[in-house]
Structures are given as C-alpha cells and as structure tokens.
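Encoded as structure tokens, the structure appears first; notes follow it.
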Amino acid sequence: MKRVRERMHARGGAAESGAAPAPSGPFRLYFPQLEREIPCEAGESLFHAARRHGVRIVGACGGRGTCASCMVRVGAGVLRPHEGRGPQGFEIELDEAGHPLNPRRWMRACRIGARSDCTVEIGARSLAPVVRAEVRIEEEAGFAPALDCSPAVRVHELDVPVPTLADDRADADRVLDACRDREDAPRTVAAASASELAAVLRADGGTPCRLRAWQRGEALIAFAPSGRRSLGLAVDLGTTNLAAFLVDLDAGRTLARLGVENPQTAWGADLMSRIDHAIGDPALADTLRTAACEAIDALAHDLCASVGQRARDIVDVAVCGNTAMHHLLLGLPVRQLGRAPFVAAVRDSLDLTARELGLAVAPGAWVHVAPNIGGFIGGDHVAALLATESLWRAGACALVMDIGTNTEISLIHRGRLWSASSPSGPALEGGHIGCGMRAAEGAIEQVGLEGGRLVVRTIGGGEAVGLCGSGVLDTVAALRRG
C-alpha cells in the first residue's frame with residue numbers, strides 16, 4: 001500500500017511541476033481511509049467510478065448533482081469538472097492546471113472527474129456504512145409461533161427402486177410411478193430439477209432410495225434426501241432495505257430472519273433516481289435487477305447457513321415490493337412509472353421459476369411476486385393489508401399505514417378500501433437536502449434553543465457530520481420558535 005501512495009504522490013507531483021497529465025485514462029483513485037485503489041475512466045465522475053467498484057460513497061440523488069451528499073476532498077491529483085447541476089455553495093474551484101484552489105475544500109464527487117491519478121478523502125457523512133442486521137434465529141429466541149400454512153408446494157416421501165437391466169426406466173419415470181396412486185399425482189418432472197434428481201437417486205451408491213419430492217401444480221420441482229426440511233423464503237424488497245424470512249413450510253414456522261441494505265441505493269436513495277437511471281441506460285437497468293437478485297441470494301445463503309441448511313433447499317419463494325422495486329426486479333419497463341399518471345406495466349401477481357429470475361435456490365422452485373394496486377402502491381402494501389386483515393375487518397373504520405422510503409396508506413370504511421402513496425425518504429432520511437444524511441452515527445437528530453442558541457444532539461453523541469430527517473424537522477421548529 002505504501003508503493004501505491006508513493007506512485008499517487010509522484011504522478012500528482014508531476015502534474016504540479018507542469019508535466020501534461022495523461023489525457024485518456026483510466027486513472028487510479030486511492031482512498032486512504034479504506035486502503036482501496038480503483039480505476040476511473042476518463043469520462044466518468046469520481047462518484048460513479050467509486051460506486052462501480054464498490055466504494056460506498058453516499059449519493060441520495062444517484063449522482064445527478066442535486067443533493068450534495070457525496071462530499072470528497074482530493075489531496076493529490078488533477079481534476080476536471082463533470083457536467084451537472086446542484087445546490088450553490090459547492091462549486092468546483094480549479095486552477096488552469098486542474099488542481100483544487102483550496103485542497104481542504106469539500107467537493108461533490110459526482111461533479112468532478114480525474115485527469116490523473118488522485119488521492120481521495122471521503123467526508124464522514126458521505127461514507128456509507130454497510131447496513132446489515134444480525135441473523136435472528138427464531139427457534140433459539142423462543143418466538144416462533146406456528147402460522148396457518150397452506151403452501152403452494154406439496155411434499156412426497158417416496159421409496160424409489162434402483163434400476164436394473166430388467167427395469168431400465170428413466171429416473172423421472174420411476175419417481176412419477178412411485179407417486180401414481182397419490183391424490184393429484186404429478187405428471188411430469190420439471191426440466192430444471194432433472195439433474196438434481198439424478199444426483200439424489202445415486203447418493204447412496206446403488207441402494208434403494210428414500211427421498212423427498214416437492215410438487216407444484218402437475219410437476220415435481222425439487223428433490224432431496226429424506227429428512228430434509230421444506231423451506232420457503234419470504235422477501236420484502238424495500239427501497240432502502242431488504243428483509244427476508246426463512247420459513248419451515250411443513251410446520252408453518254419462521255426459522256430465521258435477516259435484513260440488509262438494498263444495494264440499489266448506489267444509484268439513488270429514492271425511487272425516481274433509480275427510474276431515471278434505468279430509463280437512460282438499459283444496461284444499468286439490468287445492473288439494478290442483478291443487484292436485487294444478488295442481495296436476495298445473499299440473504300437466502302446466510303439464513304439457511306444459520307439453521308444448518310442449504311439455499312438450494314428453498315423450494316418456494318414469495319417477494320413483495322412497491323411498484324418500482326417490482327418492475328426493476330422483473331426487468332419490466334419503468335419509463336411510464338416516471339411520469340404522471342404513473343402507470344404500471346403489470347398489476348397482477350406473477351409466478352416465474354427461480355432459474356428465470358436467476359436466484360440461487362432450488363432450480364425448479366417458483367417465485368411468487370405479489371400484485372400491485374396502482375401507481376406506487378405495490379405488493380408490499382398488499383402484504384401489509386393481508387397481514388392485518390383480521391384487525392381491519394373487525395371494525396367499521398380502519399387506517400393501515402406502511403411508513404418507509406415510499407409510504408402507502410389505506411383507509412377501510414364500510415367494506416370499501418381507498419389507498420394512496422407518497423415518497424417520504426426525504427423526510428425520514430435527509431434525502432435531497434444539503435448536508436442531509438440517513439439516521440446514522442454523527443447525524444444531527446435533535447435541535448433545540450437554549451438561551452437564544454441552537455443546541456444539537458447527534459446520534460452516538462459524537463461530532464456532527466450531517467442532518468437526518470428528524471433533525472431537519474427539529475431545526476425548522478426551533479427556528480420558528482426563535
């Protein structure tokens with residue numbers, strides 16, 4: 001790492017002494033705080049280079065230059081302005097050679113590009129932490145109530161004879177024949193699970209095999225040795241965070257739960273920023289889809305590992321999310337969602353195979369994606385309504401609220417239901433606010449007046465590095481009182 005720093009200093013110094021900077025790139029960006037070095041193409045901003053290579057710079061607006069949350073200082077290197085718009089007070093001030101006029105001045109990473117190798121310091125409020133909850137194992141916590149469970153998959157315990165010269169039926173035929181006398185017997189083996197079947201049948205080295213087979217509709221979709229659990233995965237694909245729940249489908253119990261930050265936040269904290277990116281670049285739309293799938297895969301892996309199972313043992317998946325998350329996950333067009341009247345491409349629920357979606361669960365498993373209601377009122381709110389149905393059906397009037405980055409509200413009165421949604425990320429998380437940040441370490445969360453002076457309180461009690469939503473509201477209230 002010392003050699004990296006020396007090379008950065010030498011190349012930055014060459015520019016200072018009048019040598020012409022290399023015009024074409026790629027250049028190297030060195031981040032001392034992280035001990036990371038990444039490439040930066042000649043035409044891209046420091047923000048997009050960092051995000052493309054996993055350096056987690058906060059960018060609430062997705063690099064459009066409107067939020068001033070991606071603040072950096074460049075200690076060595078030559079810069080160029082990167083076109084864009086944004087709030088006043090953070091103008092790019094460079095001399096003719098491309099050096100910052102004030103090396104200690106903070107600049108927006110989305111509004112500068114590199115013309116040489118650079119050493120970059122990320123502001124405290126602009127360095128995004130990896131937000132990840134600990135796995136909670138419900139059985140160990142003593143809180144795993146059984147639910148009424150009627151899964152879409154059925155399980156069969158089967159005894160399958162080994163093939164012989166006199167009985168050379170195909171593997172699929174022998175398994176289907178073993179199910180023949182059962183009610184609603186399967187008629188086929190899903191192509192995606194055929195290779196799995198061959199491996200399970202031969203796991204005991206040619207002895208008669210007892211296995212579990214899972215049926216969905218008329219097809220057998222997954223196979224495993226006898227004794228394996230029937231696992232389902234429920235995913236709430238939120239704008240800011242993903243939450244996943246591993247469920248024992250045999251017992252109707254939640255085994256474990258886990259949450260993680262939605263990796264799509266790299267392209268904007270709010271829905272519209274991501275929609276704009278997806279509209280402008282089809283390749284980026286696919287990147288957003290892949291990021292969501294990889295996050296679901298990571299959750300599935302860690303949840304299964306926590307209870308001694310494999311992600312490939314998950315035989316059924318259910319996903320809910322607002323309309324934009326739904327469309328980005330499925331690769332559906334989002335242009336019409338970005339402007340009034342905010343029309344969805346698809347409203348009904350969808351079922352597709354895990355292989356089609358690219359999830360690393362049982363290859364033949366199916367993924368159920370909850371339906372949308374309309375506009376940005378999506379499947380996550382449908383799930384909330386279903387989960388609370390026993391409560392709101394009992395009264396004459398009820399209000400169901402799902403408050404998050406995208407907030408949905410439903411009013412139920414005399415058997416009729418009205419729903420509406422509103423973006424609330426800026427209110428909750430400081431999005432699109434100068435010096436705004438999420439409610440994390442160093443964020444000003446409370447502001448008051450004492451003796452005519454503003455007094456602030458930060459999360460964690462340390463130095464203030466930004467302002468989260470509650471701090472914004474407190475500031476307005478304090479100034480109004482003052």
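So in this note's numbering, spot 273 of the sequence shown is number 273, and the numbers just go up one at a time. Even glycine gets a Cβ: it sits at the ideal position worked out from N, Cα and C.
query: Tell me, which residues are paired with V455 by DSSP?; result: G448
query: Just to confirm before moving on: does the CB-CB distance between V260 and A295 stay below 8 Å?; result: yes
query: Output the distance between the C-alpha atoms of S126 and R108, rounded to the nearest integer angstrom.; result: 10 Å
query: A478 to G448, Cα distance in whole Å?; result: 6 Å
query: Across the stretch 69-76 and the stretch 106-124, are there enough close Cβ pairs to call them in contact, namely three or more that are closer than 8 Å?; result: yes
query: The beta strand (DSSP E) with I403 in it runs from where to where?; result: Where I403 is concerned, there is no enclosing beta strand (DSSP E), given that its DSSP letter is neither H nor E.
query: Keeping to the same chain, check which residues put their C-beta closer than 8 Å to that of V307; ignore five residues upstream and five downstream.; result: I137, E139, L246, L255 and A256
query: Determine which residues share a DSSP beta bridge with R73 and list them.; result: E121
query: Among the candidates P161, A124 and V189, whose CA atom is the shortest distance from the CA of R56?; result: A124
query: Please identify the residue among R416, S422 and G469 whose C-alpha is closest to the C-alpha of A436.; result: Here the sequence assigns Gly to residue 436, which means Ala is not the residue at that position. Among R416, S422 and G469, the Cα nearest to that of G436 belongs to G469.
query: Could you pull the DSSP bridge partners for T254 from this structure?; result: V247
query: Could you give the C-beta distance for V382 and V317, rounded to a whole number, given that I count them as a contact under 8 Å?; result: Actually they do not touch by this definition, with Cβ atoms about 16 Å apart.
query: Since E408 sits in a beta bridge, which residues does DSSP pair it with?; result: D402 and S421
query: Run the CB neighbour count on D313, radius 10 Å, all protein chains shown included, and call it buried at 16 or more, exposed below.; result: buried
query: Please confirm whether V155 and S226 have their CB atoms less than 8 Å apart.; result: no
query: Between G321, G451, I459 and L359, which has its C-alpha nearest R481's C-alpha?; result: G451
query: Looking at the strands, I want to know which residues DSSP matches up with S45.; result: G113
query: Tell me which residues share the same chain as I373 and place their Cβ nearer than 7 Å to its Cβ, disregarding the 5 neighbours each side in the sequence.; result: H381, V382 and S419
query: CA-CA distance, R393 and D248?; result: 28 Å
query: How long is the line joining the alpha carbons of E35 and L29, rounded to whole angstroms?; result: 11 Å
query: Could you give the distance in angstroms between the alpha-carbon of G63 and the alpha-carbon of A324?; result: 19 Å
query: Going by alpha carbons, who is nearest to M401 out of D177, L386 and R51?; result: L386
query: Which residues bound the alpha helix (DSSP H) around V382?; result: G379 to A387
query: Taking the beta carbon of V476 as the centre, do at least 16 other beta carbons fall within 10 Å, making it buried, or is it exposed?; result: exposed
query: Give the secondary structure of E463 by DSSP, where H, G and I count as helix, E and B as strand, and everything else as coil.; result: coil
query: DSSP beta-bridge partners for H413?; result: C397 and R416
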